[in-house]
Amino acid sequence: MELDFVRNLLTLGEAGQDVALVTIIRTLGSTPRNAGTKMLVLPDGRTTGTIGGGIGEAEAKQKALEVLLDMKCPKRFRVDLTNDLAAEDGMVCGGVMDVFIDFIGQNDDYSRKIFSKYLNSLEKKENPALVTITGVDGGSKDLLGRKMVFLPRKKEAGDLLTGDLTEIARQLIERVRGEREPKLETVSITDTEKIELLIEPSFLVPHLLVLGGGHISKPLVNMASILGYQTTVVDDRPAFANKDRFPQDTRVFCQDFGMFLDGLEISPNTFVVIVTRGHQYDLNCLREMIGKNVAYTGMIGSERKVRAILNQLESEGVSPAQLKRVYTPIGLKLGSETPEEIALCILAEIVSVWRSGEAHVKRG
């Protein structure tokens, strides 16, 4: 879940609102959105987020209103996008979505506590995992919707009501730690009782770190900000490292590159773009970044300049494997010429790496 989505969920609860949390827990075939996609539905029909629009979302919204107004408890159902009605609605997906609707009542202090812990961890740029019981076969239906959060350093918030089930969840978390996509697991508690668990890794907003505040950086940061990325720009020239050049929420540092990068704490969801004003600055920045655990490191430059820098680093002992992780020359090859077009190609490459989950793998 994204930060703003969780914040909105908690704000609605604090305002005394019952909320239905709609989650796609599994997809089969072609569907408009993937597992893990969420939407909030309020009793008056207002929604936040989307699970794909069209007839499928309309059906999910109707089921959510039934949960809110009548059932007052979680519900699991399947949306079929292969039928004639979906075709008439213009849906060309042709798949099915399993959907879980969680009822979070205004007095559900437990769920709000869990989501508050989850949000706090996200705000610290950590990687918490949320586990929710989405199916019960042969056991108490009171377990449906029970959730807990697994935090870094083996900390936890909440439980799954039984020690055995909580321990099973711990083991599953260790198995899927580091993965990006939600997992739906069915576990046997007894010979007659099976429980379905939805395991959701956190979704951290990408952090774009731009080293160099020149003509490419400005449109690059503007576009990244529109996508909701966290953005940071570093340059040692006051004319290029100032708040007036970039969106309001961009962090801008007028500082020597080496001083800024020395001892910098950096998270694995950081995308680094090196677009300084000169060969030596690019080399120094790449030397600092090449061993960091980041999602992406890209450097601008001609083939000749790039080869010279990579050869220099190789002569200093940087391994070929590390050099292959650098995206350079940076950006998708779309025939770009202007700073804005180059920025678009860079961001398109970053989006491709981010959405494919193939960070650290250089394109062929």
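Letter by letter, the sequence shown follows residues 9 to 372 in this note's numbering.
In this text, a Cβ means the ideal position worked out from N, Cα and C, and glycines have one as well.
Candidates the options, of which the one nearest residue i by Cα
| i | options | result |
| --- | --- | --- |
| residue 135 | 208, 88, 183 and 177 | 208 |
| residue 279 | 342, 360 and 62 | 360 |
| residue 340 | 333, 155, 334 and 350 | 350 |
| residue 157 | 169, 139, 356 and 170 | 139 |
| residue 244 | 266, 257 and 235 | 266 |
| residue 303 | 214, 56, 346 and 227 | 214 |
| residue 277 | 294, 151, 237 and 259 | 237 |
| residue 355 | 177, 14, 274 and 216 | 216 |
| residue 222 | 192, 202 and 262 | 262 |
| residue 321 | 299, 338 and 295 | 295 |
| residue 264 | 288, 172 and 342 | 288 |
| residue 172 | 159, 183, 202 and 161 | 202 |
| residue 268 | 257, 219 and 235 | 219 |
| residue 226 | 196, 258 and 195 | 258 |
| residue 127 | 315, 18, 344 and 329 | 18 |
| residue 80 | 149, 61, 329 and 124 | 149 |
| residue 38 | 90, 15, 184 and 178 | 90 |
| residue 151 | 169, 55 and 23 | 169 |
| residue 24 | 16, 343, 114 and 330 | 114 |
Same chain only: Cβ atoms within 8 Å of residue i, ignoring 5 sequence neighbours per side
| i | result |
| --- | --- |
| residue 255 | 229, 230, 233 and 239 |
| residue 190 | 33, 43, 44, 206, 207, 208 and 209 |
| residue 107 | 30, 31, 32, 33, 59, 68, 71, 84, 85, 86 and 87 |
| residue 73 | 28, 49, 51 and 53 |
| residue 160 | 129, 134, 135 and 136 |
| residue 61 | 40 |
Buried or exposed (CB count within 10 angstroms, at least 16 for buried), residue i
| i | result |
| --- | --- |
| residue 336 | buried |
| residue 165 | buried |
| residue 363 | exposed |
| residue 65 | buried |
| residue 271 | exposed |
| residue 132 | exposed |
| residue 301 | exposed |
| residue 40 | buried |
| residue 36 | exposed |
| residue 143 | buried |
| residue 273 | exposed |
| residue 204 | buried |
| residue 305 | buried |
| residue 105 | buried |
| residue 324 | exposed |
| residue 357 | buried |
| residue 292 | buried |
| residue 99 | Here residue 99 scores only 48 on pLDDT, less than 50, and its place in the model is too uncertain to base an answer on. |
| residue 125 | buried |
Contact set for residue i: own chain, Cβ-Cβ below 7 Å, skip 5 residues either direction
| i | result |
| --- | --- |
| residue 200 | 146 |
| residue 386 | The requested residue 386 does not occur in the structure, where the chain is confined to residues 9 to 372. |
| residue 260 | 241, 249, 250, 251 and 254 |
| residue 326 | 298 |
| residue 116 | none |
| residue 57 | 13, 46, 47 and 48 |
| residue 77 | 51 |
| residue 198 | none |
| residue 93 | Summary for residue 93: the model assigns pLDDT 46, below 50, so the residue's position carries little reliability; its value from the coordinates is reported in the next sentence. 63, listed in sequence order. |
Enclosing beta strand (DSSP E) for residue i [first to last residue]
| i | result |
| --- | --- |
| residue 152 | No beta strand (DSSP E) holds residue 152; DSSP gives it neither H nor E. |
| residue 196 | 191-196 |
| residue 282 | 278-282 |
| residue 39 | Here residue 39 belongs to no beta strand (DSSP E), and DSSP marks it neither H nor E. |
| residue 209 | 202-209 |
| residue 179 | Run containing residue 179: none in the beta strand (DSSP E); it sits in the alpha helix (DSSP H), 171-184. |
| residue 217 | 215-219 |
| residue 63 | Careful: residue 63 lies outside any beta strand (DSSP E), inside the alpha helix (DSSP H) at 62-74. |
| residue 262 | 259-262 |
| residue 48 | 46-49 |
| residue 112 | 104-112 |
Contacting residues, own chain, Cβ-Cβ under 6 Å from residue i (five flanking each side not counted)
| i | result |
| --- | --- |
| residue 153 | 82 and 110 |
| residue 27 | 20, 48 and 112 |
| residue 12 | none |
| residue 119 | 112 |
| residue 224 | 283, 347, 350 and 351 |
| residue 373 | No information on residue 373 is available, as it lies outside the stretch 9 to 372 that the chain covers here. |
| residue 195 | 176 and 203 |
Where the alpha helix (DSSP H) through residue i begins and ends
| i | result |
| --- | --- |
| residue 265 | 265-269 |
| residue 234 | 225-234 |
| residue 293 | 287-297 |
| residue 123 | 117-131 |
| residue 13 | 11-22 |
| residue 353 | 347-364 |
| residue 312 | 311-323 |
| residue 137 | Where residue 137 is concerned, there is no enclosing alpha helix (DSSP H), although the beta strand (DSSP E) it sits in stretches over 137-145. |
| residue 331 | 328-332 |
Beta carbon proximity, residue i to chain D, threshold 9 Å
| i | result |
| --- | --- |
| residue 56 | Going by chain labels, chain D is absent from the structure shown, which holds only one protein chain. |
Residue i beta carbon near the ligand FMN (any heavy atom closer than 8 Å)
| i | result |
| --- | --- |
| residue 332 | The ligand FMN is absent from the structure shown, which contains no ligand whatsoever. |
Counting Cβ pairs closer than 8 Å, one from the region 297-314 and one from the region 241-253, do we hit at least three? Short answer: they don't touch.
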